[in-house]
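Asks: Residue numbers (my numbering), protein chains in the order written: chain E, 1 to 383; chain V, 1 to 163.
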Amino acid sequence: MLAMNYRGPQRVRIDQKPYPEIKHPQDAIVRVTRSCICGSDLHLYNGNVPDTRVGMTFGHEFTGIVEEIGPEVQKLKVGDHVLVPFNIACGKCAFCQQGLYGNCHESNTQASAVGGIFGYSHTAGGYDGGQAEYVRVPYADVSPTVIPPGMDPDDAVMLTDVVPTGYQAAEMAGIQPGDTVVVFGAGPVGIMAARCAWLFGAGRVIVLDHVEYRLEFVRDYAPCEAYNFKEMDDPVVFIKKTTDWMGADVCIDAVGAEAAGSPLQTITGRKLLIQAGSATALHWAINSVKKGGIVSVVGVYGPTDNLVPIGNVVNKGITIRANQASVKRLLPRLIEHVQNGVINPKALITHRVPLEEVADAYRIFSDKLDNCIKPVLIPPSAR
Amino acid sequence: MENKDYSHIPGWGIDIDPKNNPTYPIKHRTDAEHKGYSWERPPQQPVDIEVLRSIERPNVSAVFGTSVPPSGLSGQIRRYAFRSSESEYGHWLPLILADRIGAVEGVIDDLKKGHIPNIFAERGWKAQWQHNRKGLVQKILIGAVITTAVVALLSRKNDSQED
């Protein structure tokens, strides 16, 4: 089968790989119909996440048709078209029982903070992901969800990560009616977080980014105020000034390790890897929020060698209010919102690229070329 | 806030939840909770490949990925990394080193199989040529200047040693 193959920092290609096998009685094999490249794939692509091994296939946002099931799978059947949340969750452990499906304790042997994630380095379990023709899906009865009749598969694939992560960013922010919410980053997750902030009753939503076409997009989509931080002397002072010098009620970091805006952070975090990525957005969020306000972090940070485990703060969901989205917990509500037209996820998809051109798709997304917001890879069998 | 009109925003306030407090989702407390690692575990995936295990957990998780088992020099370094906990320099720094060595091993492996990796295609330079020609040319020029400077510096050192 065709599959994306990571060869080292900023080098990926399409290769023939063996068809995946059922390895566990609760596994399924899914034939991929859509898979996205996520902003957090760029952390892997740039070599920022430790234990990203050459030969891996990335891709944690995908939909597909069930091709094979293990002997203990009961809810899915061959032929079902499913959306597969990015978390691999057993549904039985103490954390899954609490609704923390992003923190499952039975899906990742190689780290204790984060659960298993498809195609997201060996630090997240060493699973091959969905940027391929076929993928092994463990615990097939727990998170994978049959795409509701009438739902566009383009909407469905966005429910595997982007929509729930943006929604959970707003949920974790504990927004009260009328609150001023600042979102750092106008990538797909930041755009969705800004949109979802209104659902929780925000009174004002402000987005900061440095790419003009993304600012234009979010202004129209969210709808919100959107500003280019490169045109500001200091983004933190800008937020203070625009909130009558009080600070925002809520700040959301929707950027993570790849943040631009501070040369010092870029050099130490992104180039030299002596901290867990460039923490510029996190700095700005903490400094821009009102005293007693809430900072919500969904930006992904790598595990760290500076011994301040901010990546673990995100992955474990401890009380800065940060976590990987627990997609399964949020799906019923989000499916309702999509079906009722409250949110329109597929509007974020700007590029549909054949799986075979995966290297070009990564370059376009990584370098923000061709006004790209969200690229979707389509395998040959789904075209 | 009561003076503001949000009617143009579809779904405004639809998910306001007074219970959305900082500890959501709330933990379901049962007696079993106090016993720690006490849930009925799913069946164990057979451990028929080498899987490195965090020393911060008691066992191999019920399922695990089988993407790329450790091998070669990078594999040796990864095995060494997994002797330290996730809180230690000794865990993450060797893993980053192993990743870089793994990239070189990948090229050697390709060559052994008679495959010369097309670095330009792997880096997506076709897309960059199409959408950001100036940026690509700039990148190539900077690379050429740095390489020339390094070569010049090294050859000068060699010359002075010969003197």
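Think of the CB as a built atom: it goes at the ideal place given N, C-alpha and C, for glycine as much as any other residue.
Predicted, not measured: the structure shown is a model, and the values here were computed from it.
Measure the beta-carbon distance from Asp128(E) to Gly116(E) and round it to whole angstroms, keeping in mind my assumption that it falls under 8 Å.
Replies: Here residue 128(E) is taken as the residue at index 128 of the first sequence, counted from 1. Here residue 116(E) is taken as the residue at index 116 of the first sequence, counted from 1. At roughly 12 Å, the Cβ-Cβ gap does not stay under 8 Å, so Asp128(E) and Gly116(E) are not in contact.
Asks: In chain E, which residues lie with their C-beta within 9 Å of the C-beta of Lys113(V)?
Replies: Taking the first residue of the second sequence as 1, we reach residue 113(V) at position 113. Those within 9 Å of Lys113(V) in chain E number zero; the least Cβ separation is about 11 Å.
Asks: What did DSSP end up calling Arg136(E) once you bin it into helix, strand or coil?
Replies: By one-based count along the first sequence, residue 136(E) stands at place 136. In the structure shown, Arg136(E) sits in a strand (DSSP, three-state: E or B).
Asks: Taking C-alpha atoms, which residue in Ile274(E), Met246(E), Leu199(E) lies nearest to Lys290(E)?
Replies: Taking the first residue of the first sequence as 1, we reach residue 290(E) at position 290. Looking at the Cα atoms, Met246(E) is the closest of the given residues.
Asks: Note down the Cα distance separating Phe62(E) from Pro85(E), rounded to an integer number of angstroms.
Replies: To locate residue 62(E), count along the first sequence from 1; it is residue 62. To locate residue 85(E), count along the first sequence from 1; it is residue 85. For Phe62(E) and Pro85(E), the distance between alpha carbons rounds to 8 Å.
Asks: Just how far apart, CA to CA, sit Ala197(E) and Phe95(E)?
Replies: If you number the first sequence from 1, residue 197(E) lands on position 197. If you number the first sequence from 1, residue 95(E) lands on position 95. Computed Cα separation, rounded: 26 Å.
Asks: With 8 Å as the threshold, decide whether the Cβ of Val137(V) is near any Cβ in chain B.
Replies: Here chain B cannot be found, since the structure's protein chains are E and V.
Asks: In chain E, which residues lie with their C-beta within 7 Å of the C-beta of Val51(V)?
Replies: One-based indexing of the second sequence puts residue 51(V) at position 51. Ordered by position in chain E, the residues that pass the 7 Å Cβ test against Val51(V) are Thr109.
Asks: Using C-beta distances below 7 Å, list every residue in its chain close to Gly102(E), excluding the 5 sequence neighbours before and after it, in chain order.
Replies: One-based indexing of the first sequence puts residue 102(E) at position 102. Hits under 7 Å: Asn87, Gly115, Asn323, Gln324, Ala325, Ser326.
Asks: Look at the alpha carbon of Ile14(V) and the alpha carbon of Ser366(E), and state the distance between them as a whole number of angstroms.
Replies: Here the question's residue 14(V) lines up with position 14 in the second sequence. Here the question's residue 366(E) lines up with position 366 in the first sequence. Answer to the nearest angstrom: the Cα atoms are 34 Å apart.
Asks: Out of Phe200(E), Asp161(E), Val183(E), Asp370(E), point me to the one whose CA is closest to Ile9(V)'s CA.
Replies: For the purposes of this step, residue 9(V) is taken as the residue at position 9 of the second sequence. Among Phe200(E), Asp161(E), Val183(E), Asp370(E), the Cα nearest to that of Ile9(V) belongs to Phe200(E).
Asks: I'd like to know if the stretch 276 to 295 of chain E and the stretch 125 to 140 of chain E are in contact, where contact means that at least 3 CB-CB pairs between them fall below 8 Å.
Replies: Cβ pair count under 8 Å is below three, so no.
Asks: Considering just the uninterrupted stretch of the beta strand (DSSP E) at Gln128(V), what are its terminal residues?
Replies: In the second sequence, the residue the question calls residue 128(V) occupies position 128. Where Gln128(V) is concerned, there is no enclosing beta strand (DSSP E), although the alpha helix (DSSP H) it sits in stretches over 125 to 131.
Asks: Note down, in chain order, every chain E residue with its Cβ under 9 Å from the Cβ of Lys126(V).
Replies: As a position in the second sequence, residue 126(V) is number 126, starting the count at 1. Glu357, Ala359, Asp360, Arg363, listed in chain order.
Asks: Using the C-alpha atoms, what's the distance from Ala226(E) back to Glu216(E)?
Replies: The residue you call residue 216(E) lines up with position 216 of the first sequence. The residue you call residue 226(E) lines up with position 226 of the first sequence. Each residue's alpha carbon lies about 8 Å from the other.
Asks: What residue range is occupied by the uninterrupted alpha helix (DSSP H) comprising Glu122(V)?
Replies: Working through the second sequence from its first residue, we reach residue 122(V) at position 122. Segment 119 to 122, the alpha helix (DSSP H) holding Glu122(V).
Asks: I'd like the ranges of any beta strand (DSSP E) spanning at least 3 consecutive residues and lying wholly in the stretch 221 to 304 of chain E.
Replies: For the stretch 221 to 304 of chain E, whole beta strand (DSSP E) runs of length 3 or above, ordered along the chain, are 225 to 228, 248 to 253, 289 to 297.
Asks: Mapping DSSP to helix, strand and coil, what is Gly8(E)?
Replies: For this step, residue 8(E) is matched to residue 8 along the first sequence. Reduced to three states, the DSSP call for Gly8(E) is strand.
Asks: Beta carbon of Ala173(E): closer than 7 Å to some heavy atom of the ligand NAP?
Replies: Here there are no bound small molecules, and the ligand NAP is not part of this structure.
Asks: Using a Cβ-Cβ distance cut-off of 8 Å, determine whether Pro18(E) contacts chain V.
Replies: Within the first sequence, residue 18(E) is the residue found at index 18, counting from 1. Output row for Pro18(E): interface = no.
Asks: Just to make sure I have the definition right: I need the residues of chain E whose C-beta is within less than 8 Å of the C-beta of Ile119(V). Which are they?
Replies: Here residue 119(V) refers to the residue found at position 119 when the second sequence is read from its first residue. Simply Arg11.
Asks: Does the stretch 152 to 160 of chain E come into contact with the stretch 30 to 40 of chain E, if we say contact requires no fewer than three beta-carbon pairs (one atom in each stretch) closer than 8 Å?
Replies: Result yes; three or more Cβ-Cβ pairs closer than 8 Å.
Asks: Ordered along the chain, which non-local residues of its own chain (more than five positions away) have a Cβ less than 8 Å from that of Arg383(E)?
Replies: The residue given as residue 383(E) occupies position 383 in the first sequence. Taken in chain order, the residues that qualify are Pro354.
Asks: Can you give me the C-alpha to C-alpha distance between Thr280(E) and Gln265(E), rounded to a whole angstrom?
Replies: Taking the first sequence and counting its residues from 1, one reaches residue 280(E) at position 280. Taking the first sequence and counting its residues from 1, one reaches residue 265(E) at position 265. Cα to Cα, Thr280(E) sits roughly 6 Å from Gln265(E).
Asks: 8 Å is my cut-off, CB to CB: does Asp99(V) come that close to chain E?
Replies: Start at 1 with the first residue of the second sequence, and residue 99(V) comes out as number 99. Yes, contact with chain E.
Asks: For Phe200(E), which residues in chain V fall below 7 Å Cβ to Cβ?
Replies: Residue numbering aside, residue 200(E) sits at position 200 when the first sequence is read from its first letter. Those within 7 Å of Phe200(E) in chain V are Asp15, Ile16.
Asks: For Leu95(V), go through chain E and note every residue whose CB falls closer than 7 Å to its CB, in chain order.
Replies: Position 95 of the second sequence, counted from the first residue, corresponds to residue 95(V). Result: Pro50, Asp51.
Asks: To the nearest angstrom, how far is it from the Cα of Asp386(E) to the Cα of Asn46(E)?
Replies: Residue 386(E) falls outside the range modelled here, since chain E spans only 1 to 383, and no answer is possible.
Asks: Could you check whether Ser112(E) and Pro138(E) sit closer than 8 Å to each other, using their CB atoms as the reference points?
Replies: Residue 138(E) sits at position 138 when you count from the first residue of the first sequence. Residue 112(E) sits at position 112 when you count from the first residue of the first sequence. Against a cut-off of 8 Å, the Cβ pair of Ser112(E) and Pro138(E) comes out as no contact.
Asks: Spatial neighbours of Met172(E) within its chain, please: C-beta separation below 6 Å, excluding the five flanking residues on both sides.
Replies: For the purposes of this step, residue 172(E) is taken as residue 172 along the first sequence, with counting starting at 1. Excluding sequence neighbours, Met172(E) sits near Ser296, Arg321.
Asks: Looking at chain V, is there any beta carbon in it that lies within less than 8 Å of the beta carbon of Glu106(E)?
Replies: Start at 1 with the first residue of the first sequence, and residue 106(E) comes out as number 106. Yes, Glu106(E) lies at the interface with chain V (some Cβ there is under 8 Å from its Cβ).
Asks: How close, in whole Å, do the beta carbons of Tyr301(E) and Ala276(E) come, if the pair is a contact with beta carbons under 8 Å?
Replies: Reading the first sequence from its first residue, position 301 is the one you call residue 301(E). Reading the first sequence from its first residue, position 276 is the one you call residue 276(E). About 4 Å; that satisfies the 8 Å criterion.
Asks: With which residues is Tyr127(E) paired in a DSSP beta bridge?
Replies: For the purposes of this step, residue 127(E) is taken as residue 127 along the first sequence, with counting starting at 1. For Tyr127(E), which the question treats as bridged, DSSP gives the partners Phe118(E).
Asks: Grouping DSSP H, G and I as helix and E and B as strand, with all else coil, what is Gln98(E)?
Replies: In the first sequence, the residue the question calls residue 98(E) occupies position 98. The answer is coil: DSSP assigns Gln98(E) none of H, G, I, E or B.
Asks: Name, going along the chain, the residues of the stretch 272 to 284 of chain E whose beta-carbon falls closer than 8 Å to a beta-carbon of chain V.
Replies: Listed by position, the residues of the stretch 272 to 284 of chain E near chain V (Cβ gap below 8 Å) are Leu273.
Asks: Kindly say whether Ser40(E), judged by its beta-carbon, lies nearer than 8 Å to any beta-carbon of chain V.
Replies: Counted from its first residue, the first sequence places residue 40(E) at position 40. Cβ-Cβ to chain V under 8 Å: no for Ser40(E).
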